[in-house]
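Numbering (this note's numbering), first residue to last: 1 to 354.
See below for the structure under consideration.
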Amino acid sequence: FTASQGLLLMIPNMFKISGELLPCVMHVAARALAGQSLSIFGDHSDVMCCRSCGWAMLASESVEMAQHMALLSHLVSMERRVPVQHFFDGFRTSHEVNKVKLIDYETMKSFIDWEAVKKHHELAMNPRHPHMQGQSQGPDIFFQCVEAANPYYDGLADLFEQKAALLKEKTGHSYALYAYEGHAEATHVIVVMGSGAVTCSETAHFLVHGKAQKVGVLKVRLFLPWDSQRFLGALPPTVQRLCVLDRTKEPGSQGEPLLTTVAATLHTAGKHEIICIGGRYGLGSKEFTPNMVLSVFENLRSDSPKPRFTVGINDDVTNLSLPVGEWLDVLPPGTTECMFYGLGSDGTVGANKS
1 FTASQGLLLM IPNMFKISGE LLPCVMHVAA RALAGQSLSI FGDHSDVMCC
51 RSCGWAMLAS ESVEMAQHMA LLSHLVSMER RVPVQHFFDG FRTSHEVNKV
101 KLIDYETMKS FIDWEAVKKH HELAMNPRHP HMQGQSQGPD IFFQCVEAAN
151 PYYDGLADLF EQKAALLKEK TGHSYALYAY EGHAEATHVI VVMGSGAVTC
201 SETAHFLVHG KAQKVGVLKV RLFLPWDSQR FLGALPPTVQ RLCVLDRTKE
251 PGSQGEPLLT TVAATLHTAG KHEIICIGGR YGLGSKEFTP NMVLSVFENL
301 RSDSPKPRFT VGINDDVTNL SLPVGEWLDV LPPGTTECMF YGLGSDGTVG
351 ANKS
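Here it is, written out as C-alpha coordinates:
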(Lines of atoms letter the chains of each structure in order from A and count residues from 1; the text may use other names and numbers.)
(Lines give C-alpha, C1' and ligand atoms only; values in the text may rest on other atoms or scores of the structure.)
Protein backbone atom coordinates (compact mmCIF):
# COMPACT_ATOMS: atom_id res chain seq x y z
CA PHE A 1 0.00 0.00 0.00
CA THR A 2 1.47 3.34 -1.02
CA ALA A 3 0.78 6.72 -2.58
CA SER A 4 2.28 9.81 -4.19
CA GLN A 5 6.08 10.26 -3.89
CA GLY A 6 6.35 6.87 -2.20
CA LEU A 7 4.94 5.21 -5.30
CA LEU A 8 7.37 7.06 -7.56
CA LEU A 9 10.31 5.81 -5.50
CA MET A 10 9.19 2.27 -6.34
CA ILE A 11 9.23 2.71 -10.12
CA PRO A 12 12.63 1.00 -10.69
CA ASN A 13 11.44 -1.99 -8.67
CA MET A 14 8.11 -2.02 -10.50
CA PHE A 15 9.94 -2.46 -13.81
CA LYS A 16 11.88 -5.42 -12.36
CA ILE A 17 8.75 -7.01 -10.88
CA SER A 18 6.87 -6.90 -14.17
CA GLY A 19 9.94 -7.81 -16.22
CA GLU A 20 10.48 -10.96 -14.17
CA LEU A 21 6.73 -11.75 -14.26
CA LEU A 22 6.38 -11.78 -10.49
CA PRO A 23 2.85 -11.83 -9.04
CA CYS A 24 2.39 -8.65 -7.04
CA VAL A 25 -0.43 -6.29 -6.13
CA MET A 26 0.09 -2.70 -5.03
CA HIS A 27 -2.90 -0.87 -3.54
CA VAL A 28 -2.57 2.86 -4.17
CA ALA A 29 -4.50 5.72 -2.58
CA ALA A 30 -3.95 7.85 -5.67
CA ARG A 31 -2.64 11.29 -4.73
CA ALA A 32 -1.09 14.42 -6.17
CA LEU A 33 2.65 14.83 -6.61
CA ALA A 34 4.82 17.65 -5.29
CA GLY A 35 5.30 20.00 -8.24
CA GLN A 36 4.93 23.75 -7.84
CA SER A 37 4.06 22.94 -4.22
CA LEU A 38 3.52 20.02 -1.88
CA SER A 39 0.04 18.49 -1.92
CA ILE A 40 -0.98 15.41 0.01
CA PHE A 41 -4.45 15.36 -1.54
CA GLY A 42 -6.09 13.14 -4.12
CA ASP A 43 -5.84 12.86 -7.89
CA HIS A 44 -4.35 10.40 -10.40
CA SER A 45 -0.95 12.03 -10.94
CA ASP A 46 1.04 9.32 -9.17
CA VAL A 47 -0.53 6.22 -10.74
CA MET A 48 -0.40 7.71 -14.23
CA CYS A 49 3.37 8.14 -13.86
CA CYS A 50 3.61 4.33 -13.70
CA ARG A 51 1.85 3.50 -16.97
CA SER A 52 5.00 2.21 -18.67
CA CYS A 53 6.03 -0.06 -15.78
CA GLY A 54 4.22 -3.10 -17.19
CA TRP A 55 1.60 -3.35 -14.45
CA ALA A 56 -2.11 -3.84 -15.03
CA MET A 57 -4.10 -0.87 -13.67
CA LEU A 58 -7.49 -1.39 -12.02
CA ALA A 59 -9.57 1.49 -10.62
CA SER A 60 -12.14 1.43 -7.81
CA GLU A 61 -14.91 3.99 -7.37
CA SER A 62 -16.09 3.33 -3.82
CA VAL A 63 -15.13 1.79 -0.49
CA GLU A 64 -16.97 -1.47 -1.14
CA MET A 65 -15.66 -1.73 -4.69
CA ALA A 66 -12.11 -1.27 -3.37
CA GLN A 67 -12.51 -4.45 -1.32
CA HIS A 68 -13.76 -6.45 -4.30
CA MET A 69 -11.27 -5.07 -6.83
CA ALA A 70 -8.44 -5.73 -4.39
CA LEU A 71 -9.45 -9.39 -4.27
CA LEU A 72 -9.75 -9.61 -8.07
CA SER A 73 -6.29 -8.06 -8.41
CA HIS A 74 -4.67 -10.71 -6.21
CA LEU A 75 -6.44 -13.59 -7.97
CA VAL A 76 -5.48 -12.39 -11.46
CA SER A 77 -1.88 -11.51 -10.57
CA MET A 78 -1.19 -14.86 -8.96
CA GLU A 79 -2.69 -16.84 -11.83
CA ARG A 80 -1.24 -14.82 -14.75
CA ARG A 81 2.01 -13.53 -13.17
CA VAL A 82 1.24 -9.94 -14.21
CA PRO A 83 1.55 -7.41 -11.37
CA VAL A 84 -1.50 -5.23 -10.71
CA GLN A 85 -1.71 -1.64 -9.54
CA HIS A 86 -5.10 -1.32 -7.86
CA PHE A 87 -5.92 2.32 -7.16
CA PHE A 88 -8.69 4.40 -5.64
CA ASP A 89 -8.92 8.13 -5.03
CA GLY A 90 -6.83 9.39 -2.14
CA PHE A 91 -8.90 10.81 0.74
CA ARG A 92 -12.17 10.80 -1.24
CA THR A 93 -12.23 6.98 -1.12
CA SER A 94 -9.26 5.96 1.03
CA HIS A 95 -10.45 7.96 4.06
CA GLU A 96 -14.18 7.52 3.61
CA VAL A 97 -15.98 5.88 6.52
CA ASN A 98 -18.71 3.65 5.14
CA LYS A 99 -20.46 0.42 5.99
CA VAL A 100 -19.62 -2.48 3.70
CA LYS A 101 -20.30 -6.19 3.80
CA LEU A 102 -16.91 -7.84 4.17
CA ILE A 103 -16.06 -11.02 2.32
CA ASP A 104 -15.06 -13.61 4.89
CA TYR A 105 -11.69 -15.34 4.66
CA GLU A 106 -13.19 -18.75 3.96
CA THR A 107 -14.94 -17.37 0.88
CA MET A 108 -11.70 -15.72 -0.24
CA LYS A 109 -9.88 -19.00 0.25
CA SER A 110 -12.33 -20.74 -2.07
CA PHE A 111 -11.39 -18.32 -4.88
CA ILE A 112 -7.68 -19.11 -4.82
CA ASP A 113 -6.03 -21.20 -7.53
CA TRP A 114 -3.70 -23.24 -5.32
CA GLU A 115 -1.91 -24.70 -8.32
CA ALA A 116 -0.87 -21.16 -9.31
CA VAL A 117 0.40 -20.59 -5.77
CA LYS A 118 2.41 -23.82 -5.97
CA LYS A 119 3.96 -22.76 -9.30
CA HIS A 120 4.86 -19.39 -7.80
CA HIS A 121 6.68 -21.06 -4.92
CA GLU A 122 8.54 -23.27 -7.37
CA LEU A 123 9.91 -20.17 -9.10
CA ALA A 124 11.90 -19.26 -5.99
CA MET A 125 15.68 -19.67 -6.21
CA ASN A 126 16.66 -23.07 -4.89
CA PRO A 127 20.04 -24.84 -5.06
CA ARG A 128 18.22 -28.13 -5.79
CA HIS A 129 16.95 -26.82 -9.11
CA PRO A 130 19.12 -23.85 -10.07
CA HIS A 131 18.15 -21.43 -12.81
CA MET A 132 19.59 -18.25 -14.25
CA GLN A 133 17.89 -15.00 -13.28
CA GLY A 134 18.61 -11.27 -13.56
CA GLN A 135 21.24 -11.57 -16.26
CA SER A 136 22.58 -8.73 -18.39
CA GLN A 137 21.39 -9.00 -21.99
CA GLY A 138 22.95 -7.59 -25.12
CA PRO A 139 21.39 -6.21 -28.30
CA ASP A 140 21.27 -9.72 -29.76
CA ILE A 141 18.44 -10.97 -27.48
CA PHE A 142 17.08 -8.12 -25.32
CA PHE A 143 14.32 -7.04 -27.75
CA GLN A 144 13.11 -10.61 -28.26
CA CYS A 145 12.92 -11.26 -24.51
CA VAL A 146 10.86 -8.10 -23.94
CA GLU A 147 8.34 -9.16 -26.58
CA ALA A 148 8.22 -12.73 -25.22
CA ALA A 149 6.06 -11.49 -22.34
CA ASN A 150 3.19 -10.51 -24.66
CA PRO A 151 1.11 -13.70 -24.08
CA TYR A 152 0.89 -12.91 -20.36
CA TYR A 153 -0.86 -9.62 -21.10
CA ASP A 154 -2.99 -10.79 -24.04
CA GLY A 155 -6.48 -11.66 -22.89
CA LEU A 156 -5.88 -10.40 -19.36
CA ALA A 157 -9.28 -8.68 -19.46
CA ASP A 158 -10.86 -12.12 -20.00
CA LEU A 159 -9.26 -13.37 -16.80
CA PHE A 160 -10.46 -10.31 -14.87
CA GLU A 161 -13.97 -11.02 -16.13
CA GLN A 162 -13.72 -14.69 -15.16
CA LYS A 163 -12.72 -13.75 -11.62
CA ALA A 164 -15.45 -11.09 -11.50
CA ALA A 165 -18.00 -13.76 -12.48
CA LEU A 166 -16.70 -15.94 -9.63
CA LEU A 167 -17.11 -13.00 -7.25
CA LYS A 168 -20.68 -12.46 -8.44
CA GLU A 169 -21.47 -16.13 -7.94
CA LYS A 170 -20.23 -16.08 -4.33
CA THR A 171 -21.26 -12.56 -3.23
CA GLY A 172 -23.88 -11.29 -5.68
CA HIS A 173 -21.79 -8.25 -6.60
CA SER A 174 -21.33 -7.67 -10.33
CA TYR A 175 -18.69 -5.47 -11.96
CA ALA A 176 -18.11 -4.73 -15.63
CA LEU A 177 -14.62 -3.63 -16.65
CA TYR A 178 -16.23 -0.85 -18.70
CA ALA A 179 -19.64 -0.02 -17.27
CA TYR A 180 -22.17 2.22 -18.98
CA GLU A 181 -24.98 4.00 -17.13
CA GLY A 182 -27.50 6.39 -18.63
CA HIS A 183 -29.95 6.71 -21.50
CA ALA A 184 -30.07 3.65 -23.78
CA GLU A 185 -29.92 5.96 -26.81
CA ALA A 186 -27.52 8.54 -25.41
CA THR A 187 -25.86 10.92 -27.85
CA HIS A 188 -23.53 12.61 -25.34
CA VAL A 189 -21.40 10.49 -22.99
CA ILE A 190 -18.76 11.21 -20.35
CA VAL A 191 -15.85 8.74 -19.91
CA VAL A 192 -14.27 8.80 -16.45
CA MET A 193 -12.39 6.73 -13.84
CA GLY A 194 -12.44 6.63 -10.04
CA SER A 195 -14.79 8.27 -7.55
CA GLY A 196 -15.69 11.00 -10.06
CA ALA A 197 -17.62 8.32 -11.95
CA VAL A 198 -20.13 8.16 -9.08
CA THR A 199 -20.80 11.91 -9.28
CA CYS A 200 -21.12 11.71 -13.06
CA SER A 201 -23.50 8.74 -13.02
CA GLU A 202 -25.78 10.29 -10.38
CA THR A 203 -25.93 13.53 -12.36
CA ALA A 204 -26.60 11.66 -15.61
CA HIS A 205 -29.39 9.71 -13.87
CA PHE A 206 -30.94 13.01 -12.78
CA LEU A 207 -30.68 14.49 -16.30
CA VAL A 208 -32.10 11.37 -17.97
CA HIS A 209 -35.07 10.86 -15.64
CA GLY A 210 -35.67 14.43 -14.54
CA LYS A 211 -34.84 16.40 -17.67
CA ALA A 212 -35.34 13.77 -20.42
CA GLN A 213 -31.83 14.29 -21.76
CA LYS A 214 -30.04 11.62 -23.81
CA VAL A 215 -26.82 11.49 -21.80
CA GLY A 216 -24.75 8.78 -20.16
CA VAL A 217 -21.52 7.88 -18.38
CA LEU A 218 -18.99 5.17 -19.22
CA LYS A 219 -17.05 4.17 -16.11
CA VAL A 220 -13.59 2.74 -16.79
CA ARG A 221 -12.29 0.21 -14.26
CA LEU A 222 -9.57 -1.61 -16.25
CA PHE A 223 -7.23 1.06 -17.60
CA LEU A 224 -4.31 -1.26 -18.44
CA PRO A 225 -4.15 -3.46 -20.37
CA TRP A 226 -6.73 -1.44 -22.29
CA ASP A 227 -9.43 -3.51 -23.99
CA SER A 228 -10.70 -1.59 -27.02
CA GLN A 229 -13.35 -4.16 -27.90
CA ARG A 230 -14.97 -4.07 -24.48
CA PHE A 231 -14.78 -0.28 -24.33
CA LEU A 232 -16.48 0.16 -27.70
CA GLY A 233 -19.01 -2.54 -26.84
CA ALA A 234 -20.02 -0.63 -23.71
CA LEU A 235 -20.76 2.58 -25.64
CA PRO A 236 -24.37 3.08 -26.81
CA PRO A 237 -24.49 2.82 -30.64
CA THR A 238 -26.20 6.23 -30.80
CA VAL A 239 -23.29 8.18 -29.26
CA GLN A 240 -22.23 11.26 -31.21
CA ARG A 241 -19.91 13.03 -28.78
CA LEU A 242 -17.60 11.85 -26.00
CA CYS A 243 -16.00 13.88 -23.24
CA VAL A 244 -13.12 12.16 -21.46
CA LEU A 245 -12.28 13.40 -17.96
CA ASP A 246 -8.80 12.94 -16.48
CA ARG A 247 -7.80 13.60 -12.88
CA THR A 248 -4.22 14.44 -13.76
CA LYS A 249 -2.25 16.90 -15.88
CA GLU A 250 0.57 16.14 -18.32
CA PRO A 251 2.00 19.52 -19.36
CA GLY A 252 2.78 19.87 -23.04
CA SER A 253 1.02 16.67 -24.11
CA GLN A 254 -1.70 16.29 -26.74
CA GLY A 255 -3.99 15.25 -23.92
CA GLU A 256 -4.09 13.37 -20.65
CA PRO A 257 -3.75 9.55 -20.50
CA LEU A 258 -7.40 8.47 -20.56
CA LEU A 259 -8.24 10.98 -23.30
CA THR A 260 -5.41 9.90 -25.60
CA THR A 261 -6.27 6.23 -25.03
CA VAL A 262 -9.93 6.77 -25.91
CA ALA A 263 -9.07 8.96 -28.91
CA ALA A 264 -6.67 6.31 -30.23
CA THR A 265 -9.34 3.63 -29.75
CA LEU A 266 -11.90 5.61 -31.76
CA HIS A 267 -9.36 6.35 -34.50
CA THR A 268 -8.23 2.72 -34.80
CA ALA A 269 -11.84 1.52 -34.94
CA GLY A 270 -12.65 4.04 -37.69
CA LYS A 271 -15.20 5.86 -35.50
CA HIS A 272 -14.33 9.21 -37.05
CA GLU A 273 -17.91 10.45 -36.81
CA ILE A 274 -17.67 10.57 -32.98
CA ILE A 275 -16.37 13.90 -31.66
CA CYS A 276 -13.99 13.34 -28.75
CA ILE A 277 -12.95 16.11 -26.36
CA GLY A 278 -11.27 16.05 -22.96
CA GLY A 279 -10.85 17.94 -19.73
CA ARG A 280 -9.19 17.94 -16.34
CA TYR A 281 -10.95 17.95 -12.97
CA GLY A 282 -10.32 17.37 -9.28
CA LEU A 283 -6.56 17.92 -9.09
CA GLY A 284 -5.31 18.02 -5.50
CA SER A 285 -8.75 16.94 -4.21
CA LYS A 286 -10.50 19.92 -5.78
CA GLU A 287 -14.25 19.38 -5.36
CA PHE A 288 -16.13 17.75 -8.24
CA THR A 289 -19.86 18.29 -7.91
CA PRO A 290 -23.03 17.67 -9.96
CA ASN A 291 -23.20 21.26 -11.25
CA MET A 292 -19.70 20.77 -12.67
CA VAL A 293 -20.81 17.58 -14.41
CA LEU A 294 -23.74 19.54 -15.84
CA SER A 295 -21.26 22.13 -17.11
CA VAL A 296 -19.30 19.35 -18.85
CA PHE A 297 -22.46 18.06 -20.56
CA GLU A 298 -23.42 21.60 -21.62
CA ASN A 299 -19.99 22.14 -23.16
CA LEU A 300 -20.29 18.79 -24.93
CA ARG A 301 -23.67 19.79 -26.40
CA SER A 302 -22.60 23.27 -27.54
CA ASP A 303 -22.10 24.16 -31.21
CA SER A 304 -18.35 24.63 -30.66
CA PRO A 305 -17.29 22.74 -27.52
CA LYS A 306 -13.94 23.50 -25.92
CA PRO A 307 -11.70 20.62 -27.06
CA ARG A 308 -9.48 20.89 -23.95
CA PHE A 309 -10.73 22.41 -20.71
CA THR A 310 -10.65 22.44 -16.93
CA VAL A 311 -13.68 22.36 -14.64
CA GLY A 312 -13.99 23.28 -10.97
CA ILE A 313 -11.68 26.31 -11.03
CA ASN A 314 -11.73 29.80 -12.51
CA ASP A 315 -8.77 29.84 -14.91
CA ASP A 316 -8.15 33.54 -15.51
CA VAL A 317 -4.67 32.87 -16.93
CA THR A 318 -5.25 30.61 -19.95
CA ASN A 319 -9.07 30.74 -19.88
CA LEU A 320 -9.53 26.99 -20.18
CA SER A 321 -12.13 26.64 -17.44
CA LEU A 322 -15.80 25.99 -18.03
CA PRO A 323 -18.40 28.24 -16.40
CA VAL A 324 -20.17 26.43 -13.55
CA GLY A 325 -23.75 27.24 -12.62
CA GLU A 326 -25.66 27.12 -9.35
CA TRP A 327 -25.64 24.07 -7.08
CA LEU A 328 -27.50 21.12 -8.63
CA ASP A 329 -29.38 18.87 -6.23
CA VAL A 330 -29.49 15.37 -7.73
CA LEU A 331 -30.58 13.52 -4.58
CA PRO A 332 -33.92 11.69 -4.64
CA PRO A 333 -36.87 13.61 -3.16
CA GLY A 334 -37.25 13.06 0.57
CA THR A 335 -33.51 12.53 1.19
CA THR A 336 -32.32 13.90 4.53
CA GLU A 337 -28.77 15.20 4.84
CA CYS A 338 -27.08 15.96 8.16
CA MET A 339 -23.85 17.70 9.10
CA PHE A 340 -22.34 16.90 12.48
CA TYR A 341 -19.70 19.02 14.18
CA GLY A 342 -17.21 17.08 16.29
CA LEU A 343 -15.54 19.13 19.01
CA GLY A 344 -12.99 16.49 19.97
CA SER A 345 -12.59 14.63 23.30
CA ASP A 346 -16.36 14.51 23.87
CA GLY A 347 -17.11 11.35 21.87
CA THR A 348 -18.83 13.14 18.99
CA VAL A 349 -16.50 11.90 16.25
CA GLY A 350 -16.60 8.28 17.38
CA ALA A 351 -20.38 8.38 17.77
CA ASN A 352 -20.84 9.70 14.22
CA LYS A 353 -18.56 7.02 12.78
CA SER A 354 -20.60 4.27 14.41
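All residues carry an ideal CB built from backbone N, CA and C; glycine is no exception.
Bear in mind that the values here come from a model prediction, so they are computed numbers and not experimental data.
(message) I'd like to check one pair, F88 with F66: are the Cβ atoms closer than 8 Å?
(response) According to the sequence as given, residue 66 is Ala; it is not Phe. Yes. Within cutoff.
(request) Use the C-beta contact count for V97: other C-beta atoms within 10 angstroms, 16 or more gives buried, fewer gives exposed. (result) By the Cβ neighbour-count rule, V97 is exposed, with fewer than 16 other Cβ atoms within 10 Å of its own.
(request) Verify whether the separation of the beta carbon atoms of T93 and V63 is less than 8 Å. (result) Result yes, Cβ atoms of T93 and V63 sit closer than 8 Å.
(message) Tell me the DSSP secondary structure of R128 in three-state form.
(response) R128 carries a coil assignment under DSSP once its states are collapsed to helix, strand and coil.
(request) Identify, in the order they occur along the chain, each residue of the same chain with its Cβ nearer than 8 Å to the Cβ of V28, setting aside the five sequence neighbours on each side. (result) F1, T2, A3, L7, D46, V47, Q85, H86, F87, F88, listed in sequence order.
(message) Per the DSSP calculation, D89 is bridged to which residue(s)?
(response) Answer is A30.
(request) Look at the alpha carbon of E20 and the alpha carbon of S285, and state the distance between them as a whole number of angstroms. (result) One C-alpha to the other measures close to 35 Å.
(request) Please determine if the stretch 309 to 329 and the stretch 268 to 276 are in contact, where contact requires at least 3 C-beta pairs separated by less than 8 Å. (result) No contact exists between the stretch 309 to 329 and the stretch 268 to 276.
(message) Our contact map puts V189 next to G182 with C-beta atoms below 8 Å; I'd like the distance itself, whole angstroms only.
(response) About 7 Å separates the two Cβ atoms, so the contact holds.
(request) Given a cut-off of 8 Å, decide if K219 and A179 are closer than it, judged by their beta-carbon atoms. (result) Yes, Cβ-Cβ distance for A179 and K219 is below 8 Å.
(request) State the Cα-Cα distance for the pair V356 and G255, rounded to the nearest angstrom. (result) With the chain covering only 1 through 354, there is no way to say anything about residue 356.
(request) On the DSSP bridge assignment, give the partners of V215 in chain order. (result) In the DSSP output, where bridge partners are listed per residue, V215 has H188.
(message) Tell me the rounded alpha-carbon separation between Q133 and K170.
(response) Going from the Cα of Q133 to the Cα of K170 covers about 39 Å.
(message) Give me the residue from W226, A30, S321 with the minimum Cα distance to H44.
(response) It is A30.
(message) What would DSSP say about D303, mapped onto helix, strand or coil?
(response) In the three-state scheme derived from DSSP, where H, G and I count as helix and E and B as strand, D303 is classed as coil.
(request) Give the range of the beta strand (DSSP E) segment to which E181 is assigned. (result) For E181, the enclosing beta strand (DSSP E) covers residues 178 to 182.
(request) Measure the alpha-carbon distance for P130 versus G194 and round it to whole angstroms. (result) Straight-line Cα distance between these residues: approximately 44 Å.
(message) Distance check for L245 and Q36, CA to CA, integer angstroms please.
(response) Across the structure, Q36 and L245 are spaced so that their CA atoms are roughly 22 Å apart.
(request) Tell me whether the beta-carbon of P236 lies closer than 8 Å to the beta-carbon of A204. (result) Contact check for P236 against A204 fails: the beta carbons are separated by 8 Å or more.
(request) Return the chain-ordered list of same chain residues with a C-beta closer than 6 Å to the C-beta of L224, the five sequence neighbours on each side being excluded. (result) Same-chain partners within the cutoff: A56, M57.
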